[in-house]
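To start, the structure itself, in structure tokens.
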Amino acid sequence: MARFLIELWEAFRIASRSLMAQKLRSLLTMLGIIIGIVTVTAMFTIITGLEREFEDSLAMLGTNVLYVERYAWFTSPSEFMKQRSRPRIDISLADEIRRQARYVTAVAPTQQTVRPVKFEGRALYGVYTQGSTTDITRVMDVNLESGRWYTEFEVQNGAPVAIIGANVAEELFPSEQPLGKHIRIGGYRFDVIGVMARQGKFMGMFSFDDQVQMPLTTFRSCYGRFRDARIEIRAATAEVLDDAEDEITGIVRAARGVDAMAENNFSINRTEMFEEVVGRVKGITYAIGIFLTSLALVVGGIGVMNIMFVSVKERTKEIGIRKAVGAKRRAILSQFLIEAVAVCLIAGLLGVSASAGITEIVARFIPAALAVDTIALAFGICVGVGIVFGLVPAWNAAHQDPIDALRYG
Numbered sequence: 000m001a002r003f004l005i006e007l008w009e010a011f012r013i014a015s016r017s018l019m020a021q022k023l024r025s026l027l028t029m030l031g032i033i034i035g036i037v038t039v040t041a042m043f044t045i046i047t048g049l050e051r052e053f054e055d056s057l058a059m060l061g062t063n064v065l066y067v068e069r070y071a072w073f074t075s076p077s078e079f080m081k082q083r084s085r086p087r088i089d090i091s092l093a094d095e096i097r098r099q100a101r102y103v104t105a106v107a108p109t110q111q112t113v114r115p116v117k118f119e120g121r122a123l124y125g126v127y128t129q130g131s132t133t134d135i136t137r138v139m140d141v142n143l144e145s146g147r148w149y150t151e152f153e154v155q156n157g158a159p160v161a162i163i164g165a166n167v168a169e170e171l172f173p174s175e176q177p178l179g180k181h182i183r184i185g186g187y188r189f190d191v192i193g194v195m196a197r198q199g200k201f202m203g204m205f206s207f208d209d210q211v212q213m214p215l216t217t218f219r220s221c222y223g224r225f226r227d228a229r230i231e232i233r234a235a236t237a238e239v240l241d242d243a244e245d246e247i248t249g250i251v252r253a254a255r256g257v258d259a260m261a262e263n264n265f266s267i268n269r270t271e272m273f274e275e276v277v278g279r280v281k282g283i284t285y286a287i288g289i290f291l292t293s294l295a296l297v298v299g300g301i302g303v304m305n306i307m308f309v310s311v312k313e314r315t316k317e318i319g320i321r322k323a324v325g326a327k328r329r330a331i332l333s334q335f336l337i338e339a340v341a342v343c344l345i346a347g348l349l350g351v352s353a354s355a356g357i358t359e360i361v362a363r364f365i366p367a368a369l370a371v372d373t374i375a376l377a378f379g380i381c382v383g384v385g386i387v388f389g390l391v392p393a394w395n396a397a398h399q400d401p402i403d404a405l406r407y408g
């Protein structure tokens, strides 16, 4: 074992000298490997970022939650046009579900609109505005930074009170406390009674911090009673989510008078639908990334093989001398194989360094991190490419006849 380690160290030292002697040639050889490593690490970084963003976004929507709505979340344009003819969802469905369902713990009817929010000379446009009942706090994971949620008494009496999102508070009240202030939402005056904790964006798009919540009765009196509603329902546990969906489907069909042979004239949406979409995005990213990575690594591997054949040819006489003084095939083989692996490892180090910079850019848009296992995978790939594409030149060097090698040149 000691002898093998000495031979290994000697091979590494000779390989390092060879690489340093031909810096430009070695760098050009590494380019394909560098591109391949950057591609594979960037792919995993993006996928990791998507998964983290997805998990955080689902947490915002709430766990074990079903949504009874007029439209399905993900559908084709033709199917969407068919769904436009469906009757509106009425808030009275919430009472039917609450009364009959056995697998649910909370039911909250909601209605939404988009309105400008103003305070004195400052304004924020396109703010998501939602009205609901106090049960919404049992359906969704609601966290307040300050203040309180509206009460059942305020819902019953249509009180002009509102809870604002973190961005709304920051934009309208940059240097003062928003609680107790009077704001205007679409022309109507409201008292700010609460500020929600910062939540971030859903899948990097819609910000949960640009919203206003108010009692449903207040919403309907200000912005119209004949809007589409959405019934948000929390199932008792994840295990009974499918049973809850089947149960709610039957309740809603009966309440809307849907014939036994007719299709549903409503949709029940659930967060798992996003998992399917994210899964497709991940699959496409993997396919593109693997193709580009394989292409770059094959090109880089061919470059490594070519440069190793040149290196073997240039050092044919050296091989002959080493064999003449007793060097074994194993020593020659390991010398050139280590040189090939060293070229790939240095390329991998440069590729990982470039990927770290790319990760910093990606992290500005989605959560992203260059994980340790991704770095380990990158270097593992480098070792594999070095062995696969360096084996044939190293084998040829190890099996050269010493007499012919000494005559070369």
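Numbering (numbering that gives the first Met the number 0), first residue to last: 0 to 408. No residue lacks a Cβ here, since even glycine has one placed at the ideal position from N, Cα and C.
Rounded Cβ spacing between residue i and residue j (contact assumed at less than 8 Å)
i: THR109; j: GLY130; result: 7 Å
i: VAL67; j: ILE247; result: 7 Å
i: ILE230; j: GLU244; result: In fact, because the Cβ distance is near 13 Å, the residues do not count as touching under 8 Å.
i: VAL264; j: PRO86; result: One point to set straight first is that residue 264 is Asn, not Val, in the sequence displayed. Confirmed, Cβ separation roughly 6 Å.
i: LEU178; j: VAL160; result: About 11 Å separates the two Cβ atoms, so there is no contact after all.
i: PHE225; j: LYS180; result: Going by Cβ atoms, the distance from PHE225 to LYS180 rounds to 31 Å, so no, they are not a contact pair.
i: VAL340; j: ILE36; result: Not confirmed; about 14 Å, so no contact.
Close Cβ partners of residue i (< 7 Å) along its chain, the five nearest in sequence each way excluded
i: GLY288; result: THR38, VAL39 and MET42
i: VAL154; result: THR132, THR133, PRO214, LEU215 and THR216
i: ILE306; result: ARG24 and THR28
i: VAL391; result: MET304
i: TYR127; result: GLN111, VAL113, ASP209 and GLN210
i: GLN99; result: ILE250
i: ALA168; result: PRO177 and VAL194
i: VAL276; result: PHE73
i: ILE88; result: VAL67, GLU68, ARG69, ASP227, ALA228, ARG229, ILE230 and PHE265
i: ASN395; result: VAL311
Residue from the options with nearest C-alpha to residue i
i: LEU336; options: ILE33, PHE308 and THR133; result: PHE308
i: LEU92; options: GLY347, ALA253 and VAL277; result: ALA253
i: THR292; options: GLY347, GLU50 and ILE331; result: GLY347
i: ASP403; options: ARG321, TRP148, GLU144 and VAL251; result: ARG321
i: GLU313; options: ILE96, LEU405, PHE218 and SER145; result: LEU405
i: ILE329; options: ALA393, GLU338 and ARG363; result: Here residue 329 is Arg; the residue named in the question, Ile, does not match the sequence. Considering only alpha carbons, the answer is ALA393.
i: ARG183; options: PRO115, GLN212, GLY48 and ASN395; result: PRO115
i: GLY120; options: ILE283, GLU170 and PHE73; result: GLU170
i: ALA397; options: THR315, VAL251 and LYS180; result: THR315
i: GLY249; options: SER333, ILE96 and TYR222; result: ILE96
i: ILE331; options: CYS343, VAL324, GLN212 and ILE318; result: ILE318
i: LEU4; options: ASP372, GLN334, VAL361 and GLY278; result: GLN334
i: TYR187; options: GLN198, GLY385 and PHE218; result: PHE218
i: VAL361; options: ILE34, GLU52 and ILE33; result: GLU52
i: GLY48; options: TYR285, ALA368, ALA122 and SER310; result: ALA368
i: TYR285; options: GLN21, THR44 and VAL138; result: THR44
i: MET385; options: GLN399, ARG363 and CYS343; result: At residue 385 the sequence reads Gly, which differs from the Met that was named. Ranking the options by Cα distance to GLY385, first place goes to CYS343.
i: LYS281; options: ILE46, GLU338 and THR150; result: ILE46
i: PHE189; options: LEU26, ALA158, PRO173 and GLU175; result: ALA158
i: ALA326; options: CYS221, SER174, VAL387 and ASP400; result: ASP400
i: LYS200; options: GLN212, GLU54 and VAL387; result: GLU54
i: GLY278; options: LYS22, GLU50 and LEU26; result: GLU50
i: ALA122; options: ALA323, MET139 and PRO173; result: PRO173
i: VAL141; options: PHE364, GLU151 and GLN212; result: GLN212
Cβ neighbours of residue i in the same chain (closer than 6 Å, five flanking residues each side left out)
i: GLY31; result: ALA295, VAL298, GLY299 and GLY302
i: ILE90; result: PRO108 and ALA228
i: VAL414; result: The structure shown does not extend to residue 414, since the chain spans only 0 to 408, so no value can be given for it.
i: GLY185; result: ARG114
Contacts around residue i, its chain only, beta-carbon distance under 8 Å, and the 5 residues preceding and following it disregarded
i: LEU143; result: ILE162, GLY193, VAL194, MET195 and ALA196
i: THR136; result: TRP148
i: GLU78; result: ALA71
Any non-hydrogen atom of the ligand PLP closer than 7 Å to residue i Cβ
i: SER145; result: This structure lacks the ligand PLP, and indeed carries no ligand of any kind.
Cutoff 8 Å: residue i Cβ touching any chain D Cβ
i: THR216; result: Here there is only one protein chain, and chain D is not present.
Runs of 3 residues minimum, wholly inside the stretch 41-100: which ones carry the beta strand (DSSP E) assignment? 64-68
Evaluate the contact criterion for the stretch 257-272 versus the stretch 147-167: three or more CB pairs, one atom per stretch, below 8 Å. no
Decide if the stretch 98-106 is in contact with the stretch 227-235; the criterion is three or more beta carbon pairs, one per stretch, under 8 Å apart. yes
What ranges does the alpha helix (DSSP H) occupy inside the stretch 318-388, keeping only unbroken runs of at least 4 residues that lie completely in it? 328-361
Runs of 3 residues minimum, wholly inside the stretch 171-195: which ones carry the beta strand (DSSP E) assignment? 181-184 and 187-195
Does the count of Cβ pairs from the stretch 339-357 and the stretch 375-393 closer than 8 Å reach three? yes
Could you tell me whether the stretch 268-280 touches the stretch 349-365, using the rule of 3 or more Cβ pairs below 8 Å? no
Fully enclosed by the stretch 208-292, which alpha helix (DSSP H) runs are 4 residues long or longer? 215-222 and 240-255
Length at least 3, wholly inside the stretch 99-135: the beta strand (DSSP E) runs in chain order: 103-118 and 121-131
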